[in-house]
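Contents: one structure, followed by commentary.
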Amino acid sequence: MQEAVSWLLALAGIILLASCWKLVRTNNRIGQRSGVHLAAVLLVSGGIASDTVALSGRAWLVAALIVVFAVVVCIRNLYPSGVSLVDLKPNVAAIAIMFGLWAWLFGVNVVQNYTASDGALLSRLGPGVLWLAVLLTWRRTPLTLNSLTIVALASLSAVCVALPFVDGAWRPCDQFKCGVFGGMLRGPFSSENYLAYQASFIGVAVLVTQRGWLRASGLGLVVLILFATESRTSQIAFLTACAVYFATYLARRTAPGASPVTGVQSLIRFIIPVIFGVAAVHLITTAQRNTLSNRGDIWLRAIRELSGHFTTGLGLERWEALVADATLPNHYPHSEYVLLLFFGGFVAIAGFIILVIAVLRHVPQTSAAVMAAPSLLAVFLCTGLAEVVWNPLAFDGLLWTCLALCAPIHNLPHHPDLDATGSRPIRLEQTTS
């Protein structure tokens, strides 16, 4: 059964790869450079590839990807292609906060773990170079939500194509769960939860940026992967994000056209991230050992080690040192909030909450943007309750999902050929002043 599902996913992956390629060619032919940019390929495909078991831990690969990415976005900024962006005021504030979070976590890591090897500490500088390049070029960035989505969907399809040839692509059942196909699909990665999160986030991105055949087939692939991985966290997060999308869609239908943000709406955009953050911290600090398939055991042991350092944290290198001497289990924190608390204390968690507020407060009041940001945030935040969705000190396959939260959206005019490929020609209203 598992082999049959692998071949089914491989076939679906081949079809979707062909559809993505057709879309890119059509975009180029009609003058819409929105399909793929080299920067998006390096960020998404390169990051996901570096997380595979075969390439994980290759420092030279990460360094090469960061350097080439920084060069590409800087060149693109100096020689823009003239692509029209809907987001006339890019969310620079959110990118600045992301860079600030990296700087804080890097500083804490150096101060708290100055006895660690220079190589380990300096390796955390790489993501800072990437964040700085993104910050300096964000006003004319080629990293639109459209291009990130197409590259991510193509990358996920390529992973599916390789499934029949990957040894150990399925993990056996354990005491906590057993998939509907007699195991859990993890593909070329070390965990089925990683694959499931990528699939769920890509599925929501496809939902908000595509239409027609590409949307239907992309969502079908995502749903099958979520069933095969049996990752309940990602399944719930995906359903929650879809519910948010359709609720926002219905709200826009009842009040068409762009409208100024009211004081009540601004207050809601501030209160919701704060409440969500407080609830997440309450979850990890009041957990029992068996909470969420023994994730509570990881959280409690991490919190015990943090005693006296809750404000600033102990840094990434300390976590790895404690794993090496078996003080902490050989698992990652299994919570975005535990990661931030351990690496940077409550200061880092406060910065993360401010980041979510900045993403919501700077959403352009246009149909696609208003529906995209809450939906993507829903899958990002819900998954973050029980999984790591972003490590500011790492260049990996999770980084692009954080950037996608505030990436601008292309204003694609109506075109018959574009409709046929499945791309969504978004007609958006300009924000009224």
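Numbering of the sequence shown is given in the working numbering, commencing with residue 74 and proceeding in unit increments. Glycine residues also receive a C-beta, built at the ideal position from the N, C-alpha and C atoms.
Helix, strand or coil at residue i according to DSSP, with G and I counted as helix
{"i": "residue 74", "result": "coil"}
{"i": "residue 325", "result": "helix"}
{"i": "residue 362", "result": "coil"}
{"i": "residue 468", "result": "coil"}
{"i": "residue 93", "result": "helix"}
{"i": "residue 197", "result": "coil"}
{"i": "residue 482", "result": "coil"}
{"i": "residue 386", "result": "coil"}
{"i": "residue 369", "result": "helix"}
{"i": "residue 402", "result": "coil"}
{"i": "residue 214", "result": "coil"}
{"i": "residue 379", "result": "coil"}
{"i": "residue 407", "result": "coil"}
{"i": "residue 435", "result": "coil"}
{"i": "residue 186", "result": "coil"}
{"i": "residue 129", "result": "coil"}
{"i": "residue 81", "result": "helix"}
{"i": "residue 355", "result": "helix"}
Rounded straight-line distance, which links the Cα of residue j to that of residue i
{"i": "residue 455", "j": "residue 342", "result": "17 Å"}
{"i": "residue 427", "j": "residue 365", "result": "27 Å"}
{"i": "residue 444", "j": "residue 433", "result": "11 Å"}
{"i": "residue 148", "j": "residue 261", "result": "33 Å"}
{"i": "residue 290", "j": "residue 385", "result": "45 Å"}
{"i": "residue 98", "j": "residue 464", "result": "34 Å"}
{"i": "residue 389", "j": "residue 325", "result": "43 Å"}
{"i": "residue 231", "j": "residue 90", "result": "7 Å"}
{"i": "residue 282", "j": "residue 187", "result": "45 Å"}
{"i": "residue 139", "j": "residue 244", "result": "32 Å"}
{"i": "residue 308", "j": "residue 170", "result": "29 Å"}
{"i": "residue 92", "j": "residue 287", "result": "7 Å"}
{"i": "residue 295", "j": "residue 471", "result": "17 Å"}
{"i": "residue 293", "j": "residue 311", "result": "13 Å"}
{"i": "residue 204", "j": "residue 214", "result": "13 Å"}
{"i": "residue 506", "j": "residue 437", "result": "In this prediction, residue 506 scores a pLDDT of 31, lower than 50, which makes its location untrustworthy; the coordinate-derived value is nonetheless stated afterwards. Roughly 12 Å separates the two Cα atoms."}
{"i": "residue 87", "j": "residue 223", "result": "14 Å"}
{"i": "residue 297", "j": "residue 82", "result": "8 Å"}
{"i": "residue 216", "j": "residue 179", "result": "25 Å"}
{"i": "residue 199", "j": "residue 467", "result": "8 Å"}
Same chain only: Cβ atoms within 8 Å of residue i, ignoring 5 sequence neighbours per side
{"i": "residue 458", "result": "306, 353, 356, 408, 409 and 410"}
{"i": "residue 478", "result": "167, 432, 446, 449, 450 and 453"}
{"i": "residue 392", "result": "375, 401, 406, 415 and 416"}
Residue i: first and last residue of the uninterrupted alpha helix (DSSP H) it sits in
{"i": "residue 240", "result": "No alpha helix (DSSP H) contains residue 240, which DSSP labels as neither H nor E."}
{"i": "residue 125", "result": "Taken as a continuous stretch (DSSP letters only), residue 125 belongs to no alpha helix (DSSP H), as it is neither H nor E."}
{"i": "residue 163", "result": "No alpha helix (DSSP H) holds residue 163; DSSP gives it neither H nor E."}
{"i": "residue 391", "result": "389-397"}
{"i": "residue 190", "result": "Here residue 190 belongs to no alpha helix (DSSP H), and DSSP marks it neither H nor E."}
{"i": "residue 150", "result": "132-151"}
{"i": "residue 286", "result": "285-302"}
{"i": "residue 459", "result": "Where residue 459 is concerned, there is no enclosing alpha helix (DSSP H), given that its DSSP letter is neither H nor E."}
Contacting residues, own chain, Cβ-Cβ under 6 Å from residue i (five flanking each side not counted)
{"i": "residue 323", "result": "none"}
{"i": "residue 263", "result": "126"}
{"i": "residue 194", "result": "183"}
{"i": "residue 273", "result": "307, 310, 311 and 452"}
Close-in-space but distant-in-sequence residues of the same chain around residue i (CB under 7 Å, 5 per side omitted)
{"i": "residue 420", "result": "177, 384 and 385"}
{"i": "residue 227", "result": "90 and 93"}
{"i": "residue 161", "result": "Note that residue 161 scores 46 on pLDDT, short of 50, meaning its location in the model is unreliable; the coordinates nonetheless yield the value given after this. Closer than 7 Å at Cβ, skipping near neighbours: no residue."}
{"i": "residue 382", "result": "418"}
{"i": "residue 469", "result": "120, 123 and 124"}
{"i": "residue 208", "result": "168, 169 and 172"}
C-beta neighbour in chain B for residue i, strict 8 Å
{"i": "residue 274", "result": "Absence of chain B from the displayed structure is noted, only one protein chain being present."}
Requested in this report: Please specify which runs of the alpha helix (DSSP H), each continuous and at least 4 residues long, are wholly inside the region 245-283, giving them in chain order.
Outcome: Correct list: 265-282.
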